[in-house]
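Student:
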């Protein structure tokens, strides 16, 4: 399981998806991130259970901030 702490992201901003990215930058898998019960106001986003790849990977998180701008964090 993965829990994301998104400091400074206030509603209506939201995390849309989490992507598993290979060390070479290739996308391995994209996982939609469900809206938390509190609408994201607590800053904690829970990722549904998933199987990790056998290789090393980075997490890339994407969404929209409170002003509607897209963001990505690796």
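Residue numbers (our numbering): 12 to 85.
Here a beta-carbon is modelled for each residue, glycine too, at the ideal position from N, C-alpha and C.
Could you tell me how far apart the beta carbons of residue 67 and residue 30 are, in whole angstroms, since I believe they sit closer than 8 Å?
Tutor: Position 56 of the chain shown, counting from 1, holds the residue named residue 67. Position 19 of the chain shown, counting from 1, holds the residue named residue 30. That pair is no contact at about 15 Å.
Student: Should residue 20 go down as buried or exposed, given a rule of 16 or more other Cβ atoms within 10 Å for buried?
Tutor: For the purposes of this step, residue 20 is identified with residue 9 of the chain shown, where counting begins at 1. Under this definition residue 20 is a buried residue.
Student: By Cβ distance below 7 Å, which residues in the same chain neighbour residue 54 in space, the five residues on each side in sequence not counted?
Tutor: Looking up residue 54 in the chain shown gives position 43. Excluding positions up to five away in sequence, the list reads 16, 17, 18, 20.
Student: How would you write the range of the beta strand (DSSP E) that residue 18 sits in, first residue to last?
Tutor: As a first step, residue 18 must be located in the chain shown, where it is residue number 7. Counting along the chain, residue 18 falls outside any beta strand (DSSP E), and DSSP gives it neither H nor E.
Student: In the DSSP output, what is residue 73 paired with across the bridge?
Tutor: What you label residue 73 is simply residue 62 of the chain shown in a count that begins at 1. 28, 83, per the DSSP bridge assignment.
Student: Identify, in the order they occur along the chain, each residue of the same chain with its Cβ nearer than 8 Å to the Cβ of residue 27, setting aside the five sequence neighbours on each side.
Tutor: By one-based count along the chain shown, residue 27 stands at place 16. If we look at residue 27 and ignore the five residues flanking it on each side, its Cβ neighbours are 43, 44, 73, 74, 75.
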